[in-house]
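By my numbering, the letter at position 266 of the sequence shown is numbered 1542, and the numbering carries on one by one without gaps.
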Amino acid sequence: MTKRNIVAAGAAAVAAIAMVASGPGLANHSWNGYHWQTVSGTATPLVVDNTVGAWKPRVALAMQDWNQSQHIDSQLTTGTTNQKRCAMTQGTIQVCNASYGQTGWLGIASISLSGGHIVAGSTKLNDTYFALQQYNTETWKQLVTCQEIGHDYGLGHQNEDFSTDLTTSCMEYTSQPSGNEHPDSHDYQQLAAIYNHGEGGSSTSGGSSGGPGKGKPLGIEPGNGPAEWGKAIGHDKAGRPNEYVRNFNGYTIITHVTWAPHVKVPEVRH
Ligand SMILES: [Zn+2]
Ligand SMILES: [Zn+2]
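Okay, here's the thing in structure tokens:
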């Protein structure tokens, strides 16, 4: 193997290759196999940072972390502020912060699926809860920023029990966020497993970043609560619904929720 030329990959990604080559044995924490269409195994959605103030360096740090993966190569660009709705745009991951109110969640990540692939992602960060003393820390804010963007690339959680702290990954539910501000080696290994194939084509005609129509608004808003997210399809260790699905305009929209640990999750009525 000649990996010396892979400057950005770093030790973690090289380890990831070795793990994949050596076969299974890791807990799978992909998000149901959801992934961006790629030409040759590298996801390149444009990350649009619509946040303000101190969120911007957190988004930049999270993207520096995720781009360490050999299978992610995303440009980060500045969007427009006051994008509270954080509407989906093809070929992009939109990142937004706002005071979303007493929604119960610190952050949510939504993806739009079409033709078996992620075509758009959205991450919302809720200042209403990050203003509370127990969440008003860099560790909490960095963990949630890292986790929601990680979902938008197709990762799930390594651990869904808020009462434990089993990993050093941001892809974990925990009430002890210190040390969980970044991806860990399992996350990079999982990305390598998810993006172990390309669909061919070229980045101009193909779907390296969501296919033709990149930048097209999809008219899809992630919403702020179960009534807009759709049907609950996943639950955390405590039985709280944390994943929802709905269909809209030919797209399947799936939302992952990071409830504030102290909050009682609103009942879902159907
Ligand atoms: Zn694929
Ligand atoms: Zn999550």
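Just so it is clear, CB atoms sit at the ideal spot from N, CA and C, and this is done for glycine as well.
Values in this document were obtained by computation on a predicted structure and should not be read as measured data.
#1: Helix or strand or just coil, what does DSSP make of D1325?
#2: How about A1396 and M1364: are their beta carbons less than 7 Å apart?
#3: Would you mind working out which of T1353, C1362, T1354 and Q1409 sits nearest A1385, comparing C-alpha positions?
#4: Does E1504 come out as helix, strand or coil in the three-state DSSP assignment?
#5: So, helix, strand or coil for N1308, using DSSP?
#6: Would you please state the rounded distance, in angstroms, between the beta carbons of S1445 and D1460? I believe it to be under 8 Å.
#7: Apart from the five residues on each side of it in sequence, which residues of its chain come closer than 6 Å, Cβ to Cβ, to Q1351?
#8: Measure from the alpha carbon of L1389 to the alpha carbon of each residue in Y1376, K1417, I1369 and W1381, then state which is nearest.
#9: State the DSSP-derived secondary structure class of Q1366, mapped to helix, strand or coil.
#10: Flag this pair as yes or no: are the beta carbons of Y1376 and N1358 separated by less than 7 Å?
#11: May I ask you to list the residues that DSSP assigns as paired with C1372?
#12: Could you tell me the distance, in whole angstroms, from the CA atom of H1311 to the CA atom of I1394?
#13: Provide the residue span of the beta strand (DSSP E) that contains I1384, from first to last.
#14: Which residues have their C-beta within less than 6 Å of a heavy atom of ligand 2, listed in chain order?
#15: Taking contact to mean at least 3 C-beta pairs separated by less than 8 Å, is the stretch 1329 to 1343 in contact with the stretch 1414 to 1424?
#16: Among the residues of its own chain, which have a CB less than 6 Å from the CB of A1454, if the five just before and after it don't count?
#17: Along the beta strand (DSSP E) that carries P1517, what are the first and last residues, could you check?
#18: Answer with buried or exposed for E1448, where buried requires no fewer than 16 other C-beta atoms within 10 angstroms of its C-beta.
#19: Less than 8 Å between C-beta atoms, sequence neighbours within five positions excluded: which residues of the same chain meet that for K1360?
#20: Please report the Cβ distance between H1433 and H1305, rounded to the nearest whole angstrom; I am assuming they are in contact, meaning their Cβ atoms lie under 8 Å.
#21: Tell me where the alpha helix (DSSP H) around H1532 begins and ends.
#22: Do you know whose CA, among K1400, A1319, T1413 and D1325, lies nearest Q1344's CA?
#23: To the nearest angstrom, report how far apart G1476 and G1367 are at their CA atoms.
Based on what the coordinates show:
#1: The sequence position of residue 1325 within the sequence shown is 49, counting from 1. D1325: strand per DSSP, three-state reduction.
#2: Working through the sequence shown from its first residue, we reach residue 1396 at position 120. Working through the sequence shown from its first residue, we reach residue 1364 at position 88. Cβ atoms of A1396 and M1364: closer than 7 Å.
#3: As a working note, residue 1385 is residue 109 in the sequence shown. Considering only alpha carbons, the answer is C1362.
#4: Numbered from its first residue, the sequence shown carries residue 1504 at position 228. E1504 falls in the helix class under three-state DSSP.
#5: Locating residue 1308 in the sequence shown gives position 32, where the first residue counts as 1. Note: N1308 maps to coil in three-state DSSP.
#6: Numbered from its first residue, the sequence shown carries residue 1445 at position 169. Numbered from its first residue, the sequence shown carries residue 1460 at position 184. The pair is a contact, with the Cβ atoms about 4 Å apart (cut-off 8 Å).
#7: Within the sequence shown, numbered from 1, the residue matching residue 1351 stands at position 75. Once the five neighbours on either side are set aside, the close Cβ partners of Q1351 are L1322.
#8: Locating residue 1389 in the sequence shown gives position 113, where the first residue counts as 1. That would be I1369, whose Cα lies nearest to the Cα of L1389.
#9: Position 90 of the sequence shown, counted from the start, is the residue given in the question as residue 1366. Coil, per DSSP.
#10: For this step, residue 1376 is matched to residue 100 along the sequence shown. For this step, residue 1358 is matched to residue 82 along the sequence shown. In this structure, N1358 does not lie closer than 7 Å to Y1376 by Cβ.
#11: Reading the sequence shown from its first residue, position 96 is the one you call residue 1372. Answer by DSSP bridge pairing, in chain order: K1400.
#12: Within the sequence shown, residue 1311 is the residue found at index 35, counting from 1. Within the sequence shown, residue 1394 is the residue found at index 118, counting from 1. So the two alpha carbons sit approximately 5 Å from each other.
#13: To locate residue 1384, count along the sequence shown from 1; it is residue 108. W1381 to S1390 is the span of the beta strand (DSSP E), which, as asked, contains I1384.
#14: Q1423, H1427, H1433, H1532 and T1534
#15: yes
#16: Taking the first residue of the sequence shown as 1, we reach residue 1454 at position 178. Looking at the sequence shown, residue 1454 is not Ala but Ser. Cβ within range, chain order: T1415.
#17: Position 241 of the sequence shown, counted from the start, is the residue given in the question as residue 1517. P1517 -> beta strand (DSSP E) spans P1517 to F1524.
#18: Counted from its first residue, the sequence shown places residue 1448 at position 172. Its Cβ being crowded by 16 or more others within 10 Å, E1448 is buried.
#19: For the purposes of this step, residue 1360 is identified with residue 84 of the sequence shown, where counting begins at 1. So the qualifying residues of the chain are C1372, A1374 and Y1376.
#20: Locating residue 1433 in the sequence shown gives position 157, where the first residue counts as 1. Locating residue 1305 in the sequence shown gives position 29, where the first residue counts as 1. Confirmed, about 6 Å.
#21: As a first step, residue 1532 must be located in the sequence shown, where it is residue number 256. Element bounds for H1532: not the alpha helix (DSSP H) but the beta strand (DSSP E), Y1527 to W1535.
#22: Position 68 of the sequence shown, counting from 1, holds the residue named residue 1344. When each option's Cα is compared against that of Q1344, the closest is A1319.
#23: The count along the sequence shown starts at 1 and reaches residue 1476 at position 200. The count along the sequence shown starts at 1 and reaches residue 1367 at position 91. Rounded to whole angstroms, G1476 to G1367 spans 17 Å at the Cα level.
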